[in-house]
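Report on the structure given below.
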Amino acid sequence: MPLLKIDSLEIEVEKGTTVLQAAMVNGIEIPYYCYHPALEIVGSCRMCLVEVEGMPKLQVSCNTFVGEAPPERKIEGKYDMVVNTPHPSGEGCILTPDQ
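In this text, residue positions in the sequence shown follow my numbering: the first is 2, and each later residue adds one.
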């Protein structure tokens, strides 16, 4: 089974599990909006972005499957950067923790 490290927690998951699913099963909170286990993965809301060691850009955790790349992956939650980024229009349409 592939080894996955999310923040400081090392977990083994079955190949084909998404990073979001692995986090959810292990009680690690990664915010998401468009994911539902009974529906096809869309990954359009971008709320569940995480940093994956060895990848140049943030990855959508609901559509990043464990076992696709290096056997050990270190995942860091970066959603706070996305949630707190203001909308380009200047409108306050993105909720921040203090709203």
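Backbone N, C-alpha and C define an ideal beta-carbon position, used for all residues, glycine too.
Around the C-beta of glycine 44, are 16 or more other C-beta atoms found within 10 angstroms, so that it is buried, or is it exposed?
-> Here glycine 44 is buried: its Cβ has 16 or more other Cβ atoms, across all protein chains shown, within 10 Å.
Rounded distance between the beta-carbons of isoleucine 31 and leucine 40, thought under 8 Å = Leucine 40 to isoleucine 31, Cβ: 17 Å. No contact.
Once you ignore the five residues that flank glutamate 11 on each side, which residues in its own chain have a CB closer than 7 Å to its CB?
-> Leu4
Where does valine 113 fall in DSSP's three states?
-> Nothing can be reported for residue 113, as the shown portion of the chain is limited to 2 through 100.
Would serine 62 be called buried (16 or more neighbouring beta carbons within 10 Å of its own) or exposed?
-> A residue is called buried when at least 16 other Cβ atoms come within 10 angstroms of its Cβ; serine 62 meets this threshold and is buried.
Which listed residue (Tyr34, Ala24 and Thr65) has its alpha carbon closest to that of methionine 56 = Thr65
Tell me whether the beta-carbon of lysine 16 lies closer than 8 Å to the beta-carbon of glycine 68.
-> yes
Valine 20 lies in the alpha helix (DSSP H); which residues open and close that run?
-> Valine 20 -> alpha helix (DSSP H) spans 20 to 26.
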